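Trainee: Below are the structure tokens for one structure; questions will follow.
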Amino acid sequence: MDEEPLFQAFRSRSTDCDIKIKPHKDSKSGEHIVLWSDIQQAFKNAMFIRNDGSLVSFLKDDNFEELIPQRIAYYPGVVLEVVVEDSKQDTDFTKITPMSRESRSDDNSFNTHSNGSNTTNMLNQNMSTLTLADINTNNQSFVVNSDGKSELHPALREYKQLYHSYFQVIMSGEELQAASIKQSIDKLVVDMEQNKTLQEQLIVMQQEMQLMEKQTFEQLAILQGRVHVLLTHTYDKCPIPKLFIILPKEEGALSGLYRLYFLCECGTHTMAEHNKTPPPIHLAKHEGYDLDKPTEFFERYRSYIMTMMYMVKFGITTDSLIVPPLSSLGILEGLDNTQEHVKYLRSNITPLVDNIIRSLQGYKNDAETTLELPTGNTDFGNLESLGEADLRQLESYLKVVKDQGSVLGNLYRIVTPEGNTKWVCFDHYCANYRESVIQQLRDIVKVNYGRFIEETGRIEIKIGSSILAKQFYNVMVKASWIQELDITLRWDATMDDFQLLAETVTKANVIRLTIDGTHFKNPILDVINRGRRFDPILQLASNTVVQSLQLKGFNDFYSRTSKSSWQLVHQFRVFSMKMQVDLDSKAMKLFKDTLKHCAALTALDLKIQHQYSVAEATSNVLSSLQKLESLKITSGRRSFTASVSQGKIQDIELKIERLDELDSDEFKFIRKQHLTRLAVMHTPDQDLLMDILRLCPRLSHLQIGCKSQRLLALTNRLISTRESILQEQGSCCLRTVEVMEEELRPFDTLVNFVMIKVYIQYIISFAEDSNSFDMRTWIRLGVLGYIHNAAREFIRQYGWSIVFLDQIRFEPFAEILEDIPSTRTSQLESFHFYAYNFPDDGLDRLNKIIKRSPNFKDLGLEFYFGEECDRLETALLLFSRYGTILSSLELGGMYDGTLERIAELFPSRDSFPNLVSLDLDFSRCGLSSHIPWILAMISSSPQTPTSSSSDLSLSRNILDKNSIQKDSETTVSWTKLRKLRLWKASLQTEEWKQVIEAVDFSVLEHLYLRVTKFSRKQLKLLIDRIPVNNISEAPLKVLKINYTPIADSILLRSMVADLRKKVPLIDIHLQEVATIGYSYESTGAEFQLDHVTPISQLVHVYPDPDDPESDT
1 MDEEPLFQAF RSRSTDCDIK IKPHKDSKSG EHIVLWSDIQ QAFKNAMFIR NDGSLVSFLK
61 DDNFEELIPQ RIAYYPGVVL EVVVEDSKQD TDFTKITPMS RESRSDDNSF NTHSNGSNTT
121 NMLNQNMSTL TLADINTNNQ SFVVNSDGKS ELHPALREYK QLYHSYFQVI MSGEELQAAS
181 IKQSIDKLVV DMEQNKTLQE QLIVMQQEMQ LMEKQTFEQL AILQGRVHVL LTHTYDKCPI
241 PKLFIILPKE EGALSGLYRL YFLCECGTHT MAEHNKTPPP IHLAKHEGYD LDKPTEFFER
301 YRSYIMTMMY MVKFGITTDS LIVPPLSSLG ILEGLDNTQE HVKYLRSNIT PLVDNIIRSL
361 QGYKNDAETT LELPTGNTDF GNLESLGEAD LRQLESYLKV VKDQGSVLGN LYRIVTPEGN
421 TKWVCFDHYC ANYRESVIQQ LRDIVKVNYG RFIEETGRIE IKIGSSILAK QFYNVMVKAS
481 WIQELDITLR WDATMDDFQL LAETVTKANV IRLTIDGTHF KNPILDVINR GRRFDPILQL
541 ASNTVVQSLQ LKGFNDFYSR TSKSSWQLVH QFRVFSMKMQ VDLDSKAMKL FKDTLKHCAA
601 LTALDLKIQH QYSVAEATSN VLSSLQKLES LKITSGRRSF TASVSQGKIQ DIELKIERLD
661 ELDSDEFKFI RKQHLTRLAV MHTPDQDLLM DILRLCPRLS HLQIGCKSQR LLALTNRLIS
721 TRESILQEQG SCCLRTVEVM EEELRPFDTL VNFVMIKVYI QYIISFAEDS NSFDMRTWIR
781 LGVLGYIHNA AREFIRQYGW SIVFLDQIRF EPFAEILEDI PSTRTSQLES FHFYAYNFPD
841 DGLDRLNKII KRSPNFKDLG LEFYFGEECD RLETALLLFS RYGTILSSLE LGGMYDGTLE
901 RIAELFPSRD SFPNLVSLDL DFSRCGLSSH IPWILAMISS SPQTPTSSSS DLSLSRNILD
961 KNSIQKDSET TVSWTKLRKL RLWKASLQTE EWKQVIEAVD FSVLEHLYLR VTKFSRKQLK
1021 LLIDRIPVNN ISEAPLKVLK INYTPIADSI LLRSMVADLR KKVPLIDIHL QEVATIGYSY
1081 ESTGAEFQLD HVTPISQLVH VYPDPDDPES DT
């Protein structure tokens, strides 16, 4: 039986009967629709469709774009009204009146804090006299142009544009500008009253706009609530600012380049006593930070960034803080207007913020149809505060390298009286504190061999007596903003001394306290308080301020504490104790009873003699520690780390020197509590290790230190044991096995090699519940290149897994590599070797090794030429064949002729585009004639087009310049040097200047100069060349200048201090000409001078030609 045909009924005011139009079936959705073109055929002047007075919108896709051709949904059994344009102009109108304030529901107003905001109040007042215009393009108030296309009437379009601007300035608090726009809107409304058709369209639009207004206010109310929660959220564990915004760099949002700006979290907590209004939150006094991996950053933090951007755009006011609306530029208050980035922000911050909001919303940059306000596309209910884990990871997305004592954004950490952590600028940091008090604190810390990190409010100090302690306490209480105190008491403190310390810590609002009591004995004058000597320390845990307590050297802590000191603790979250004695039964009971009173504890770190007893005791009281997240117990070089959730141990990681150190009780405890990670520092007993693998079913990661002679047997045993477990039990959790040198020394830290040592490190990754696995191996040989039989067998069996190989001689290892079965594809990526006695067929053999390694990308070569011509020809052949993948090059024993030949055939870095490490020894040749080649090798970028050479013939014939086939002139880009080493480079002053200026210190990490004429003048030039960047530090990690005419002086120390300011963590080694004499060695933050016998009394010293202070 045929289906009855479907029709959609339409009617207009000008027709007396219904007109039926046949709908179409959408092939994608399967739904019935009616085409707009069909409606226009039946109703020539059709403008839009209504259903019971409500607008019927065109159907849209997932991106809210209208489907083409335009269409509406099918409404079965419903007669839709077609609104058409009249052909004549009527003059009898009903006056268009704006919606009254009473027409809105009461809950439409913008929810604010009790104080409210000027922007919100103004918005409510002004909006009561206007009809909300349609904010997006989905409202269908159409006219038909000559092309038959539907578009808004020009008057309605102008009205919409004016309202767009009006709403913007109202939200921004610009009252004068809003009043001017309102006058224009009123005039336009009067003009529109002369047209009946426009009047009808406006009436239809009013219902839509009233709904949109209600939604807008509800969304903004949600936004303000979210922002209020965010601003009052407490982050206890993350020492990093939490308020920031993202702005495009000057190139624009579409360039993909962005910068993060932190905000100063000022408020009532930084308000001066005579002020009644808290200072507004503003940008930190910092140039901001470029983003690393911006795509990943926005994916992770998009919701939080949206909250921040809306907060600074619209502003917010609460009892304790003010965020000014963006239009007032209050967010730029206090910044130095002479700085270029501040000038740029002051002129462009509004469009920059709008660009980010638009990008995050997915809006198009259409000024006519787009309003940078949250509409239906943005759900503020989904905007979230930033979790502590996310906050900890934030810094990893910023292009910044910072010193331990520095902080992000030049902000300082404070804690409010309510216990909330805030990050504020220096001006607000010092707002309530006199500079004299701060200076007193600096002085007293310095006198007591301490360190005052003002940015984070941390003091590290060693005090030798109770009198000095009282002086320090008095000043610290006056300052009252010290957040962290690490104090060493270097006298035998009494209970009264501890009581005074506890009172001071409470008054000063210290939240993290570390006390070193390694100097304690048994004070004779405090015998009466012997059993409660440490009561004040334990009571600190309940002062509602201290959240972290670390005790060192309190060996008799639990035998010198009374029950009367125990109280229920709320704020106490981190507890760490290091003692050198075991706990007897009485002390163990006190220990467990103490933990029961720490209900809020999240981290417990204990260093004690007997791990098992403490671990067992702790596990028995875990039910009282529902918030505990981590438990770590260390004994000597053994560590036991457990993750805890809801009072139960979830995972255990055990690090131990030798497996046979585990006694039966410890073994039972580990097995019972689900061991998941095990690290063994020395070659393990294989039978015992396999037993652990079988008896600990959740063990997923093994880290083993093993002698290379035992590697093969251990590896095969692990793989076979896992296979048997899979066969017997059907599953095995072991996923990763990492094996390295004994003591668990990572491969990249092995610098000083034993003559015949073989270093092998590998990682095996097993597939889930499968025998298949992947393996990556790193190998480095000793000076003699000796390979013992056990290592040879390991390489023959698992050589396919080698990814990095560093050896002295080519031939021995090449033989082994060639013997590796080709059953699996070689994973070799890097091969570094010393080309000593390179065999005649070496190039062919090396080529075969590389060809069977599809991932090969890195070759390192070391040469010592001497007088043998064959070595030079070998080098030239290797350079010509593999120069493009050469990453490390060391040239020693060069004569003038050797260097001339190399420079002639390979004049620029075009031949070595991927070189990152260069080591040159000029002990046997002069330098003056080779300066251009040296500059070409170390230059940061191509200077002129150069000729690139093709591969040379593999013949052993003597090469000349004409044997190189040259391509057309091209400019090749190359990798910049990260490591440069020059030996016996006897350069003159001007030549040194050329070399220093050619080095790119924006990427160089290591610089070694040995036995050179490098003077203080050159050092000054070098320091000046290191770039100054407020966003990130220069990457230079090591500077070694040995056996040079740099004599010790005040000037030298000043220069080193200047270098330290630019690169705080650089390792500096400066040594004078003679091997016996003074040397500077600086690692990290401090710089020390090691003075032996003055050189002038021992050997002849080359004078420093640029230093009038130097002696001859």
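Once you know that position 548 of the sequence shown is 548 in full-length UniProt numbering, the rest is easy, because the numbers rise by one and skip nothing. All C-beta atoms in this analysis are idealised placements derived from N, C-alpha and C, irrespective of residue type, glycine included. Model, not experiment: these values are computed from the prediction.
#1: Assuming Val437 and Val475 form a contact by the criterion Cβ under 8 Å, report the distance between their Cβ atoms to the nearest whole angstrom.
#2: What number of angstroms, rounded off, separates the C-alpha of Arg776 from the C-alpha of Thr898?
#3: In angstroms with no decimal places, state the Cα-to-Cα distance between Ala508 and Gly267.
#4: Pull up the CB-CB distance for Lys22 and Phe7, whole angstroms please, since I reckon it's below 8 Å.
#5: Give the secondary structure of Trp992 by DSSP, where H, G and I count as helix, E and B as strand, and everything else as coil.
#6: Is the beta carbon of Arg978 sitting closer than 7 Å to the one on Glu997?
#7: Which term fits Ser801, buried or exposed, when burial requires 16 or more other beta carbons within 10 angstroms of its beta carbon?
#8: Does Tyr1008 come out as helix, strand or coil in the three-state DSSP assignment?
#9: Quick one: complete beta strand (DSSP E) runs, 3+ long, within the segment 630 to 679?
#10: Pairs of beta-carbons, one from the segment 816 to 833 and one from the segment 853 to 869, closer than 8 Å: are there three or more?
#11: In whole angstroms, give me the CA-to-CA distance for Met309 and Arg346.
#12: Can you tell me whether Phe7 is helix, strand or coil according to DSSP?
#13: Pick helix, strand or coil for Leu188, following the three-state DSSP scheme.
#14: Could you tell me if Ile467 is buried or exposed, where buried requires 16 or more neighbouring beta carbons within 10 angstroms of its beta carbon?
#15: Would you report the Cα separation of residue 1136 and Thr874, rounded to the nearest angstrom?
#16: Below 8 Å, can you find three or more Cβ-Cβ pairs linking the segment 509 to 523 to the segment 482 to 494?
#17: Below 7 Å between beta carbons: does that hold for Phe856 and Met894?
#18: From the DSSP output, read off the bridge partner residues of Leu485.
#19: Tell me, please, whether the segment 641 to 657 touches the segment 673 to 683 by the rule of three or more beta-carbon pairs shorter than 8 Å.
#20: By how many angstroms is the C-alpha of Asn620 removed from the C-alpha of Asp687?
#21: Roughly how many angstroms lie between the CA atoms of Gln1018 and Glu296, to the nearest whole one?
#22: Whole angstroms are fine: how far does the CA of Ala985 sit from the CA of Pro932?
#23: To which residues does DSSP link Glu333 through a beta bridge?
#24: In the DSSP assignment, find the alpha helix (DSSP H) that holds Leu500 and state where it starts and stops.
#25: Does the beta-carbon of Thr277 have 16 or more other beta-carbons within 10 angstroms, so that it is buried, or is it exposed?
#26: Quickly, what does DSSP pair His32 with across the bridge? List them, please.
#27: Determine contact between the segment 697 to 707 and the segment 718 to 735, defined as no fewer than three beta-carbon pairs at a distance below 8 Å.
#28: What alpha helix (DSSP H) runs, 4 residues minimum, are completely inside the segment 779 to 866?
#29: Kindly give me the distance between the Cβ atoms of Phe390 and Arg300, rounded to whole angstroms, as I take these residues to be in contact under 8 Å.
#30: Hey, could you find the ends of the alpha helix (DSSP H) Gln550 is sitting in?
#31: Could you tell me the alpha carbon to alpha carbon distance between Ile795 and Asn847, rounded to whole angstroms?
#32: What did DSSP end up calling His428 once you bin it into helix, strand or coil?
#33: Which word fits Glu31, buried or exposed, when buried means at least 16 other C-beta atoms lie within 10 angstroms of its C-beta?
#34: CB-CB under 8 Å to Gly553, same chain, minus the five flanking residues each way: which ones, in chain order?
#35: Can you name the start and end residues of the alpha helix (DSSP H) that Asp593 belongs to?
#36: Compute the distance between the beta-carbons of Tyr449 and Lys462, then report whether it is under 7 Å.
Mentor: So, to answer that:
#1: By 1-based counting over the sequence shown, the position of residue 437 is 437. By 1-based counting over the sequence shown, the position of residue 475 is 475. That belief holds up - the Cβ atoms of Val437 and Val475 are roughly 7 Å apart, short of 8 Å.
#2: Here residue 776 refers to the residue found at position 776 of the sequence shown. Here residue 898 refers to the residue found at position 898 of the sequence shown. Near 39 Å, if we compare the C-alpha coordinates of Thr898 and Arg776.
#3: Here the question's residue 508 lines up with position 508 in the sequence shown. Here the question's residue 267 lines up with position 267 in the sequence shown. Distance between the alpha carbons of Ala508 and Gly267 is about 20 Å.
#4: Taking the sequence shown and counting its residues from 1, the one referred to as residue 22 is at position 22. Taking the sequence shown and counting its residues from 1, the one referred to as residue 7 is at position 7. A Cβ-Cβ separation of about 6 Å places Lys22 in contact with Phe7 under the 8 Å criterion.
#5: On the sequence shown, residue 992 is found 992 positions in, with the first residue counted as 1. Helix at Trp992.
#6: On the sequence shown, residue 978 is found 978 positions in, with the first residue counted as 1. On the sequence shown, residue 997 is found 997 positions in, with the first residue counted as 1. Contact flag unset, no.
#7: In the sequence shown, counting from the first residue as 1, residue 801 sits at position 801. When all chains shown are included, Ser801 counts as buried.
#8: Along the sequence shown, one-based indexing puts residue 1008 at 1008. It is a strand residue.
#9: Segments of the beta strand (DSSP E) lying fully in the segment 630 to 679: 630 to 635, 638 to 645 and 648 to 656.
#10: They touch, by the three-pair rule.
#11: As a first step, residue 309 is located in the sequence shown; it is residue number 309 there, counting from the start. As a first step, residue 346 is located in the sequence shown; it is residue number 346 there, counting from the start. Whole-angstrom Cα-Cα distance: 16 Å.
#12: The count along the sequence shown starts at 1 and reaches residue 7 at position 7. Reduced to three states, the DSSP call for Phe7 is coil.
#13: As a working mapping, residue 188 is identified with position 188 in the sequence shown. Note: Leu188 maps to helix in three-state DSSP.
#14: Taking the first residue of the sequence shown as 1, we reach residue 467 at position 467. Ile467 should be labelled exposed.
#15: What is shown of the chain runs 1 to 1112, which leaves residue 1136 out entirely.
#16: Contact between the segment 509 to 523 and the segment 482 to 494 is present, because at least three Cβ pairs lie under 8 Å.
#17: In the sequence shown, counting from the first residue as 1, residue 856 sits at position 856. In the sequence shown, counting from the first residue as 1, residue 894 sits at position 894. No; because the gap between Cβ atoms is not below 7 Å, this pair is not in contact.
#18: Looking up residue 485 in the sequence shown gives position 485. The partner list for Leu485 (beta bridge, DSSP) reads Ile459 and Leu513.
#19: Verdict: yes, contact present.
#20: The sequence position of residue 687 within the sequence shown is 687, counting from 1. The sequence position of residue 620 within the sequence shown is 620, counting from 1. Their backbone Cα atoms lie some 32 Å apart in a straight line.
#21: Position 1018 of the sequence shown, counted from the first residue, corresponds to residue 1018. Position 296 of the sequence shown, counted from the first residue, corresponds to residue 296. Roughly 43 Å separates the two Cα atoms.
#22: The residue labelled residue 932 in the question sits at position 932 within the sequence shown. The residue labelled residue 985 in the question sits at position 985 within the sequence shown. Taking the straight line joining both Cα atoms gives about 14 Å.
#23: On the sequence shown, residue 333 is found 333 positions in, with the first residue counted as 1. Partner(s): none; Glu333 has no beta bridge.
#24: By 1-based counting over the sequence shown, the position of residue 500 is 500. Judged by DSSP secondary structure, Leu500 falls within the alpha helix (DSSP H) whose first and last residues are Met495 to Lys507.
#25: Residue 277 sits at position 277 when you count from the first residue of the sequence shown. Within a 10 Å sphere around the beta-carbon of Thr277 sit fewer than 16 other beta-carbons, which makes this residue exposed.
#26: Taking the sequence shown and counting its residues from 1, one reaches residue 32 at position 32. Bridge partners of His32: Lys25.
#27: Inter-segment contact for the segment 697 to 707 and the segment 718 to 735 is present: three or more beta-carbon pairs are separated by less than 8 Å.
#28: Listed in chain order, they are 789 to 798, 810 to 819 and 842 to 851.
#29: Position 390 of the sequence shown, counted from the first residue, corresponds to residue 390. Position 300 of the sequence shown, counted from the first residue, corresponds to residue 300. As written in the sequence, residue 390 is Asp, which differs from the Phe given in the question. About 7 Å; that satisfies the 8 Å criterion.
#30: Numbered from 1 along the sequence shown, position 550 holds the residue referred to as residue 550. Taken as a continuous stretch (DSSP letters only), Gln550 belongs to no alpha helix (DSSP H), being part of the beta strand (DSSP E) at Ser548 to Lys552.
#31: For the purposes of this step, residue 795 is taken as the residue at position 795 of the sequence shown. For the purposes of this step, residue 847 is taken as the residue at position 847 of the sequence shown. The C-alpha of Ile795 lies about 20 Å from the C-alpha of Asn847.
#32: Within the sequence shown, residue 428 is the residue found at index 428, counting from 1. Helix, per DSSP.
#33: Numbered from its first residue, the sequence shown carries residue 31 at position 31. It is exposed - the Cβ of Glu31 has fewer than 16 other Cβ atoms within 10 Å.
#34: As a first step, residue 553 is located in the sequence shown; it is residue number 553 there, counting from the start. Result list for Gly553: Asp516, Gly517, Thr518, His519, Phe520, Lys578, Met579 and Gln580, in chain order.
#35: Taking the sequence shown and counting its residues from 1, the one referred to as residue 593 is at position 593. Segment Ser585 to Lys596, the alpha helix (DSSP H) holding Asp593.
#36: Locating residue 449 in the sequence shown gives position 449, where the first residue counts as 1. Locating residue 462 in the sequence shown gives position 462, where the first residue counts as 1. For Tyr449 and Lys462, yes; Cβs fall inside 7 Å.
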